[in-house]
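So the protein lines, in turn, are chains W and A. Numbered per the working numbering, the first sequence spans residues 3 to 244. Numbered per the working numbering, the second sequence spans residues 3 to 112. To start, the structure under review is shown below, and the notes come after it.
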Amino acid sequence: MEAAAGGRRAYSIIVPTYNERLNVAIIVYLIFKHLPDVNFEIIIVDDGSPDGTQDIVKQLQQVYGEDRILLRARPRKLGLGTAYLHGLKHASGEFVVIMDADLSHHPKYLPSFIRKQKETGADVVTGTRYVKNGGVHGWNLMRKLTSRGANVLAQTLLQPGASDLTGSFRLYKRDVLEDLISSCVSKGYVFQMEMIVRATRKGYHIEEVPITFVDRVFGISKLGGSEIVEYLKGLVYLLLTT
Amino acid sequence: MFCFLILIPFFFYDRKTPHSQMKHVFKIVAILVAISAIWIALLETSTVPRSYTWLLPIYLVVVLGCYGLFMVGFGLMFFPTCPQEAILLQQDIVEAKEFLAKKGVDVGSE
Ligand SMILES: Nc1nc2c(ncn2[C@@H]2O[C@H](COP(=O)(O)OP(=O)(O)OP(=O)(O)O)[C@@H](O)[C@H]2O)c(=O)[nH]1
Ligand SMILES: [Mg+2]
């Protein structure tokens, strides 16, 4: 499969980073480890991280090749939603995977995303933490409670068509992702929820695979206190527009 | 009169969206309106004693609340956790650092 060097790739893995110097190195190593004979490229969208993430990416390019790791940086922190869009513009793959760089999304699940897509021909394969063989590590009771509450509320009111709305470890058909991104307006992780709800409403075929989620080890969490309010606003917005 | 109530949601039917579907909020409104219509019908015809009929909406709210609490409660009780994954990840990190350091990638700091 490696034959198509330089040409189009089968899979483009978009990894947005902001201050993920150490994490990005580890995740790149793990991706190559777990996808030994898959024709893929990694697109790193770094927003001018002050910690020197881009220097590490350049070193990784020396190890793995500049055609396998693409650094598509932007001058300053412009947010996650536009980071995906930016990465997508440079993606050559027929399928696009989106994952976080902070090791919460383990590359060892990539083969199961790919297998699931091949078996079912799905438009979107989304990782879910809330099923058998899935799970979360490192959340306190409060975090679990809000997560469950939010999930029950959304499942009852929205019927979103997926069991894990706010997770962002997903594989898309390229044109499906283009379509979804262009019709989503939310910011933050309401964006993840909007993507999957719109995918359901547009009638795309969605499949799920179990993933485990270990809360970030290195680097600082950008979780704010106003998340619940943002979530509820997002829920109302989606009720009104989808 | 009740038939009219049930028809209301269809006035909101959104023909302009490409996939021609009701906005989700109107599905919910439709269900609420349908329930109210049945309730009013029960009140008017008094097949059930009125004093019972008046209490029905309260029962409904209580039942919904219980459903929510149970779902959240069960979700919490059976919340899937994966402590072994944290250990495996630590091993992966060590392995990755070792390999990358050999290849000259600067993974020492942090
Ligand atoms: N390019 C870019 N990447 C970002 C930006 N904000 C976050 N990221 C990256 O997006 C991914 C997810 O962000 P996180 O900070 O982990 O968000 P989270 O998972 O909701 O929260 P925690 O893991 O608890 O911190 C990580 O790989 C970040 O480095 C941004 O503004 N621009
Ligand atoms: Mg994270």
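Ideal Cβ placement from N, Cα and C applies to all residues, glycine included.
Task: Bridge-paired residues (DSSP) for W/P18 - done: The sequence position of residue 18 of chain W within the first sequence is 16, counting from 1. Looking at the DSSP assignment, W/P18 forms a beta bridge with W/V47.
Task: Min CB distance A/G77 to chain W below 8 Å - done: Numbered from its first residue, the second sequence carries residue 77 of chain A at position 75. Output row for A/G77: interface = yes.
TODO: For A/V138, return the contacting residues in chain W, with the cut-off set at a CB-CB distance below 8 Å.
DONE: This structure cannot settle anything about residue 138 of chain A, because the visible part of chain A is limited to 3 through 112.
- [ ] Please indicate yes or no: does the CB of W/S106 lie closer than 7 Å to some heavy atom of ligand 2?
- [x] As a working mapping, residue 106 of chain W is identified with position 104 in the first sequence. Yes, since a heavy atom of ligand 2 falls inside the 7 Å radius drawn around the Cβ of W/S106.
Open item on the list: For A/P59 and W/V192, I'd like the C-alpha separation in whole angstroms.
Closed with: As a first step, residue 59 of chain A is located in the second sequence; it is residue number 57 there, counting from the start. As a first step, residue 192 of chain W is located in the first sequence; it is residue number 190 there, counting from the start. Using only the alpha carbons, I get a separation of about 33 Å.
TODO: For W/I230, count neighbouring Cβ atoms within 10 angstroms of its own Cβ and tell me buried if that reaches 16, exposed if not.
DONE: Walking along the first sequence from the start, residue 230 of chain W turns up at place 228. Looking at its Cβ environment, which holds fewer than 16 other Cβ atoms inside 10 Å, W/I230 is exposed.
Task: C-alpha distance - W/H107 paired with W/T243, whole-angstrom precision - done: Position 105 of the first sequence holds residue 107 of chain W. Position 241 of the first sequence holds residue 243 of chain W. Roughly 30 Å between the two C-alpha positions.
Open item on the list: Per the DSSP calculation, W/I71 is bridged to which residue(s)?
Closed with: For the purposes of this step, residue 71 of chain W is identified with residue 69 of the first sequence, where counting begins at 1. For W/I71, which the question treats as bridged, DSSP gives the partners W/I44.
Task: Straight-line Cα distance separating W/S184 from W/H92 - done: The residue labelled residue 92 of chain W in the question sits at position 90 within the first sequence. The residue labelled residue 184 of chain W in the question sits at position 182 within the first sequence. Using only the alpha carbons, I get a separation of about 16 Å.
Open item on the list: Checking 8 Å against the spacing of the C-beta atoms, do W/R176 and W/E121 come in under that value?
Closed with: For the purposes of this step, residue 176 of chain W is identified with residue 174 of the first sequence, where counting begins at 1. For the purposes of this step, residue 121 of chain W is identified with residue 119 of the first sequence, where counting begins at 1. Not in contact: W/R176 and W/E121 (Cβ atoms no closer than 8 Å).
Task: Continuous alpha helix (DSSP H) stretch holding W/G137: start and end - done: Counting from 1 along the first sequence, the entry for residue 137 of chain W is found at position 135. Where W/G137 is concerned, there is no enclosing alpha helix (DSSP H), although the beta strand (DSSP E) it sits in stretches over 137-139.
TODO: Report the neighbours of W/V216 on chain A: residues whose CB is nearer than 7 Å to its CB, in chain order.
DONE: The residue given as residue 216 of chain W occupies position 214 in the first sequence. Under the 7 Å cutoff, chain A gives E87, A88, L91.
TODO: Return yes when the C-beta of W/P109 is under 7 Å from any heavy atom of ligand 1, and no when it is not.
DONE: As a working mapping, residue 109 of chain W is identified with position 107 in the first sequence. False, no ligand heavy atom lies under 7 Å from that Cβ.
Open item on the list: In whole angstroms, give me the CA-to-CA distance for A/L90 and W/G163.
Closed with: Walking along the second sequence from the start, residue 90 of chain A turns up at place 88. Walking along the first sequence from the start, residue 163 of chain W turns up at place 161. Approximately 31 Å, taken between the alpha carbons.
TODO: Compute every distance between the C-beta of W/E22 and the non-hydrogen atoms of ligand 1, then say whether any falls below 7 Å.
DONE: As a position in the first sequence, residue 22 of chain W is number 20, starting the count at 1. Yes.
- [ ] Please list the partners that W/V138 has in chain A, where partner means a Cβ-to-Cβ separation under 8 Å.
- [x] Translated into the one-based positions of the first sequence, residue 138 of chain W becomes position 136. Here the neighbours are F81, P82, T83, C84.
- [ ] Compute the Euclidean distance between the alpha carbons of W/R10 and W/E68, then round it to the nearest angstrom.
- [x] As a first step, residue 10 of chain W is located in the first sequence; it is residue number 8 there, counting from the start. As a first step, residue 68 of chain W is located in the first sequence; it is residue number 66 there, counting from the start. The alpha-carbon atoms of W/R10 and W/E68 are separated by roughly 14 Å.
- [ ] Report the rounded CA-to-CA distance for W/R145 versus W/A27, giving the unit in angstroms.
- [x] The residue labelled residue 145 of chain W in the question sits at position 143 within the first sequence. The residue labelled residue 27 of chain W in the question sits at position 25 within the first sequence. The straight-line gap from Cα to Cα measures roughly 28 Å.
- [ ] Return yes when the C-beta of W/P102 is under 7 Å from any heavy atom of ligand 2, and no when it is not.
- [x] Walking along the first sequence from the start, residue 102 of chain W turns up at place 100. Just to set this straight, residue 102 of chain W is Asp in the shown sequence, not Pro. The answer is yes for W/D102.
Open item on the list: In the DSSP assignment, the alpha helix (DSSP H) including W/V192 goes from what residue to what residue?
Closed with: Here the question's residue 192 of chain W lines up with position 190 in the first sequence. Note, W/V192: alpha helix (DSSP H), 192-203.
Task: Assigned exposure category for A/G106 - 16 Cβ within 10 Å defines buried - done: Here residue 106 of chain A refers to the residue found at position 104 when the second sequence is read from its first residue. Exposed, by the Cβ-count rule.
Open item on the list: Within 8 Å, do at least three Cβ pairs link the stretch 76-92 of chain A to the stretch 130-140 of chain W?
Closed with: yes
Open item on the list: Between A/V27 and chain W, is any beta-carbon pair separated by less than 8 Å?
Closed with: Within the second sequence, numbered from 1, the residue matching residue 27 of chain A stands at position 25. Output row for A/V27: interface = yes.
Task: Under 7 Å from the C-beta of W/I58: neighbouring residues of chain A - done: Translated into positions along the first sequence, residue 58 of chain W becomes position 56. Neighbours of W/I58 on chain A, chain order: V107, D108.
Task: Chain-order list of residues whose beta-carbon lies under 8 Å from that of W/K110 (same chain, five-residue window excluded) - done: Position 108 of the first sequence holds residue 110 of chain W. So the qualifying residues of the chain are L32, H36.
- [ ] Compute the minimum distance between the beta carbon of W/R172 and the heavy atoms of ligand 2, and state whether it is under 7 Å.
- [x] Stepping through the first sequence from its first residue, residue 172 of chain W is reached at position 170. The answer is no for W/R172.
Task: Cβ of W/I28 within 8 Å of any chain A Cβ - done: Here residue 28 of chain W is taken as the residue at index 26 of the first sequence, counted from 1. Taking Cβ atoms only, chain A reaches closer than 8 Å to W/I28, which makes this a yes.
Task: Which residues DSSP lists as bridging W/E209, in chain order - done: Translated into the one-based positions of the first sequence, residue 209 of chain W becomes position 207. BP columns for W/E209 point to W/V127.
TODO: Taking a Cβ distance cut-off of 8 Å, strictly less, list which residues of the stretch 60-86 of chain W are near chain A, in chain order.
DONE: Q61, L62, Q64, V65
Open item on the list: Quick check: the Cα distance between A/T55 and A/F72, rounded to an integer number of angstroms?
Closed with: Within the second sequence, numbered from 1, the residue matching residue 55 of chain A stands at position 53. Within the second sequence, numbered from 1, the residue matching residue 72 of chain A stands at position 70. Rounded to whole angstroms, A/T55 to A/F72 spans 26 Å at the Cα level.
TODO: Report whether the distance from the Cβ of W/R11 to the nearest heavy atom of ligand 2 is below 7 Å.
DONE: As a working note, residue 11 of chain W is residue 9 in the first sequence. No - ligand 2 has no heavy atom lying nearer than 7 Å to the Cβ of W/R11.
Task: Identity of the residues DSSP links to W/H107 by a beta bridge - done: If you number the first sequence from 1, residue 107 of chain W lands on position 105. Paired residues: W/F215.
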